[in-house]
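Visitor:
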């Protein structure tokens, strides 16, 4: 496989030198590359920082645009709205002052950011100058070699002549000649290294050219996408304008309908007022009846509470509750049924009982149910039970101590009894106020139910009249409500027209920006194309010249090696070629300048496109 041309040249150049000299050249090249790499890295950091600062500036400018929009809205509201209170006006003025202060602060931040951008650009410029200064001037190296060669020729000629020279002088002259030869050799090594660096620089220029082409293609695609986005936004704005026109037309029609309705309602205003007075009188009468019925209801409810309160308290204080386990044995957490004690209730009740032995497992043997006894006190019925316990049975006795019933324990073992009452029972009689309690309670409940029904009926009647009254009020004063609605719609129409006008202005702005963007993109494309063609042409020319010069220098160096650097004609030819290299260096430097300028233009256009895109997004929002 054929090697690249610059690699062949590098190999041919190195083949003229011994391994030690080749090693020295490679060392110089490596040192120069490391220096360049460090400086390029630092330059990259500075460029990133510069871009970040530029983005911060764009963000600040965007905030200013937003604040200016808010300020304009507030000032327009303050000027156009005439019915604002003093408090609302002061609040609006305060908000306007705050926005103005924010705009001032943002402007100060932008000035500060501009200063930071200037400093960053100065740092980058300084670093670029340092990068340029680190590249050794080939012409300067050539001049140094020529001077040393001239000095060497003089000394060698002086040594050849050997007129009026002492032995020591001849010896000293030989030392100086050897030193000069050594210096020339070192300069030649450095010169060769710089030539190789130049070759790499030309290669880098070619890579930059390819990269620039790729960036141009990418920018063209981005420009096309941006133009399409502009066109879509323009279509959307046109749709919004059409919608606004439809909305304005509909609102104007509604406004006309409202005006007609206001005129009709004003004709019926007097009749509606008379009906309203009649309905209001009826409502007042019903309200009075409602107050009277409510007072009766409250009084009855209080009487019911007075009737039920003693019974409720007696029920609450009953010693044994319904379905609660009790026993004639004193057990923990079990209510005790006391011997010879009467237990009372207002309702008939039953008692379930069974014998049990606390020291044996529980059984359901001999389980029985007994009923309560009845008694009358002041013509009021009460119910009671009284136990008389013995060793293997117990008796049920009445209030006069007559035995009513006797229950035996058929288990034939010492035992006690467990009881479960179906209702609450107490050791004390129910309250004496409960005489005729049921009849009174029933009567009071009936009275309360009747009053509640009357209240419900009157409330329904009241709701009906109130609804009629509300309808009359709505119809009686339609002019105020409808007029307010009319005013709102007219204000809405005015607002919509203003927004529609702003959209039309935006539409014109977008059209102008699209046209400007098209023109800028066209000019940018032509500029990039021309610059790229020029760089490509100059690179090709420089490459051809460089190949030719290197080939000629290689031939001269081979001759010099053969003749031990003693051929004066070859040395002069070498000097001539080095002069031509100087011209080549000038061209390369021009190429580098052109490339830098082109990259700067690309960067500026990138920033302009980015800023334009942000502006378009803000306008769309």
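Residue numbers (the numbering used here): 17 to 637. For each residue, glycine too, the CB sits at the ideal point set by N, CA and C. Note that the coordinates shown come from a computational prediction; the quantities given were computed from them, not determined experimentally.
1. Between the Cα of residue 190 and the Cα atoms of 296, 168, 49, 142, which residue gives the shortest distance?
2. Kindly list the residues whose CB is nearer than 7 Å to the CB of residue 409, restricted to its own chain and excluding five residues on each side of it in sequence; keep chain order.
3. Whose C-alpha, out of 266, 165, 341, 202, is nearest the C-alpha of residue 371?
4. Verify whether the separation of the beta carbon atoms of residue 361 and residue 343 is less than 8 Å.
5. Under 8 Å: do the segment 116–127 and the segment 72–82 share three or more Cβ pairs, one atom per stretch?
6. From the DSSP output, read off the bridge partner residues of residue 433.
7. Under DSSP, the beta strand (DSSP E) around residue 421 begins and ends at which residues?
8. Around the C-beta of residue 353, are 16 or more other C-beta atoms found within 10 angstroms, so that it is buried, or is it exposed?
9. Here's the rule: buried if 16 or more other CB atoms are within 10 angstroms of the residue's CB, otherwise exposed. What is residue 214?
10. Measure from the alpha carbon of residue 304 to the alpha carbon of each residue in 174, 359, 478, 466, then state which is nearest.
11. Any idea what DSSP makes of residue 350, helix, strand or coil?
12. Nearest CA to the CA of residue 334: which residue from 396, 257, 446?
13. When the Cα of residue 47 is compared with those of 210, 116, 107, which residue comes out closest?
14. Going by other Cβ atoms of all chains shown within 10 Å of its Cβ, with 16 needed for buried, is residue 413 buried or exposed?
15. So what does DSSP say about residue 99, is it helix, strand or coil?
16. Exposed or buried, residue 208, counting other C-beta atoms within 10 Å across all chains shown (16 or more means buried)?
17. For residue 472, which three-state DSSP category applies?
18. Excluding sequence positions up to five away, which residues of its chain have a Cβ less than 6 Å from the Cβ of residue 18?
19. If contacts are defined as beta-carbon pairs under 8 Å, then residue 505 and residue 270 qualify, I think. What distance do you get, rounded to the angstrom?
20. Is it the case that the Cβ atoms of residue 368 and residue 399 are separated by a distance below 8 Å?
21. Quick one: what does DSSP say residue 717 is sitting in, helix, strand or coil?
22. Please name the residue in 89, 129, 132 whose C-alpha comes closest to that of residue 111.
23. Are residue 74 and residue 133 touching if we call contact CB-CB under 8 Å?
24. Can you give me the Cβ contacts of residue 405 inside the same chain, cut-off strictly under 7 Å, excluding the 5 residues immediately before and after it?
25. Taking 8 Å as the limit between beta carbons, can you name the residues of its chain near residue 32, skipping five residues before and five after?
26. Quick one: Cα of residue 298 to Cα of residue 278, how far?
27. So, is residue 359 buried or exposed, given that buried needs 16 or more other C-beta atoms within 10 angstroms?
28. Please confirm whether residue 115 and residue 143 have their CB atoms less than 8 Å apart.
29. Whole angstroms is fine: what's the gap from residue 509's alpha carbon to residue 515's?
30. Alpha carbon to alpha carbon, what distance is there between residue 216 and residue 50?
31. For residue 16, which residues from the same chain have a beta carbon less than 7 Å from its beta carbon, with the 5 sequence-adjacent residues on both sides left out?
32. Contact check, residue 71 vs residue 136 under 8 Å by CB: the rounded distance?
33. Please report the distance separating the alpha-carbon of residue 145 from that of residue 165.
Guide: On the basis of the data shown:
1. Taking the chain shown and counting its residues from 1, the one referred to as residue 190 is at position 174. Checking every option, the nearest Cα to that of residue 190 belongs to 168.
2. In the chain shown, the residue the question calls residue 409 occupies position 393. Here the set comprises 422, 423, 424, 425.
3. Numbered from its first residue, the chain shown carries residue 371 at position 355. Ranking 266, 165, 341, 202 by Cα distance to residue 371 puts 341 first.
4. What you label residue 361 is simply residue 345 of the chain shown in a count that begins at 1. What you label residue 343 is simply residue 327 of the chain shown in a count that begins at 1. Cβ distance not < 8 Å, so residue 361 and residue 343 don't count as in contact.
5. yes
6. Here residue 433 is taken as the residue at index 417 of the chain shown, counted from 1. Note: residue 433 sits in a beta bridge opposite 371.
7. Along the chain shown, one-based indexing puts residue 421 at 405. Here the beta strand (DSSP E) through residue 421 covers 419–424.
8. Within the chain shown, the letter at position 337 stands for residue 353. Buried.
9. Position 198 of the chain shown, counting from 1, holds the residue named residue 214. So residue 214 ends up on the buried side.
10. Taking the first residue of the chain shown as 1, we reach residue 304 at position 288. With distances taken between Cα atoms, residue 304 lies closest to 478.
11. What you label residue 350 is simply residue 334 of the chain shown in a count that begins at 1. It is coil, neither helix nor strand.
12. Numbered from its first residue, the chain shown carries residue 334 at position 318. The shortest Cα separation from residue 334 among 396, 257, 446 belongs to 446.
13. Residue 47 sits at position 31 when you count from the first residue of the chain shown. Taking only the C-alpha atoms, the option nearest residue 47 is 210.
14. If you number the chain shown from 1, residue 413 lands on position 397. When all chains shown are included, residue 413 counts as buried.
15. Here residue 99 refers to the residue found at position 83 when the chain shown is read from its first residue. Correct three-state label for residue 99: coil.
16. As a working note, residue 208 is residue 192 in the chain shown. It is buried - the Cβ of residue 208 has at least 16 other Cβ atoms within 10 Å.
17. The count along the chain shown starts at 1 and reaches residue 472 at position 456. Here residue 472 sits in helix by DSSP.
18. Here residue 18 refers to the residue found at position 2 of the chain shown. Any reading at residue 18 needs caution, since the residue's pLDDT is 44, under 50, leaving its predicted position unreliable; the model's value is listed next. Nothing listed; no residue qualifies.
19. Stepping through the chain shown from its first residue, residue 505 is reached at position 489. Stepping through the chain shown from its first residue, residue 270 is reached at position 254. The pair is a contact, with the Cβ atoms about 6 Å apart (cut-off 8 Å).
20. Mapped onto the chain shown, residue 368 falls at position 352. Mapped onto the chain shown, residue 399 falls at position 383. No. Outside cutoff.
21. Given that the chain is displayed from residue 17 to residue 637, the structure contains no residue 717 and the question cannot be resolved.
22. Locating residue 111 in the chain shown gives position 95, where the first residue counts as 1. For residue 111, the nearest C-alpha among the options comes from 89.
23. Residue numbering aside, residue 74 sits at position 58 when the chain shown is read from its first letter. Residue numbering aside, residue 133 sits at position 117 when the chain shown is read from its first letter. Not closer than 8 Å, so no.
24. The sequence position of residue 405 within the chain shown is 389, counting from 1. Only 344, 355 meet the Cβ criterion.
25. Residue numbering aside, residue 32 sits at position 16 when the chain shown is read from its first letter. Low confidence applies to residue 32: its pLDDT is 47, below 50, so where it sits in the model is not reliable, and the reading given next is rough at best. Correct list, in chain order: 570, 573, 574, 577.
26. Reading the chain shown from its first residue, position 282 is the one you call residue 298. Reading the chain shown from its first residue, position 262 is the one you call residue 278. Looking at the two C-alpha atoms, the distance is approximately 29 Å.
27. Locating residue 359 in the chain shown gives position 343, counting from the first residue. It counts as buried.
28. As a position in the chain shown, residue 115 is number 99, starting the count at 1. As a position in the chain shown, residue 143 is number 127, starting the count at 1. Cβ atoms of residue 115 and residue 143: not closer than 8 Å.
29. Residue 509 sits at position 493 when you count from the first residue of the chain shown. Residue 515 sits at position 499 when you count from the first residue of the chain shown. Each residue's Cα considered, the two are about 10 Å apart.
30. The count along the chain shown starts at 1 and reaches residue 50 at position 34. The count along the chain shown starts at 1 and reaches residue 216 at position 200. If I take the Cα positions, the gap works out to 14 Å.
31. This structure cannot settle anything about residue 16, because the visible part of the chain is limited to 17 through 637.
32. The count along the chain shown starts at 1 and reaches residue 71 at position 55. The count along the chain shown starts at 1 and reaches residue 136 at position 120. That belief does not hold up - the Cβ atoms of residue 71 and residue 136 are roughly 13 Å apart, past 8 Å.
33. For the purposes of this step, residue 145 is identified with residue 129 of the chain shown, where counting begins at 1. For the purposes of this step, residue 165 is identified with residue 149 of the chain shown, where counting begins at 1. When rounded, the distance between both Cα atoms is 32 Å.
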